[in-house]
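For the sequence shown, position 37 (counting from the first letter as 1) is numbered 37 according to full-length UniProt numbering, and the numbering increases by one without interruption.
Ideal placement from N, C-alpha and C gives every residue a C-beta, glycine not left out.
Predicted model, so just to flag it, every value in this text is computed and none were measured.
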Amino acid sequence: MMNAKNLSKETEKRLLDFFNNVIDAKDLAKAIRQLNYAIALVVMKDDERGYVYAQRENLEKGFYWLNELAEILHPYLEVE
1 MMNAKNLSKE
11 TEKRLLDFFN
21 NVIDAKDLAK
31 AIRQLNYAIA
41 LVVMKDDERG
51 YVYAQRENLE
61 KGFYWLNELA
71 EILHPYLEVE
């Protein structure tokens, strides 16, 4: 589980600037989903070849958290 620490004012300011002025949240969510899909395909293909991943748990957590972030930025199945 992620630690519930508060963001510094500088981090908060930079994040707000990033999401308000640099990138559209919907575009970022789409990019995250595409990258997550590509990474998952590579990991599955390597796993089929018999490679052992010492960081498998970290990969699974990373995949989950990136999907969560994408959902926060732009829900895939949003109600209109």
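Given a length threshold of 4 residues, each whole run of the alpha helix (DSSP H) inside the segment 16–66 is given here in chain order: 25–48.
As the crow flies, the alpha-carbon of Leu28 is around 14 Å from that of Asp17. Closest in C-alpha terms to Leu41, from the list Pro75, Ala70, Lys13, Leu59, comes Leu59. Shown here, Lys5 sits in coil according to DSSP, grouped into three states, outside any helix or strand.
Classified as buried, Leu73 has 16 or more neighbouring CB atoms from the shown chains inside 10 Å of its CB.
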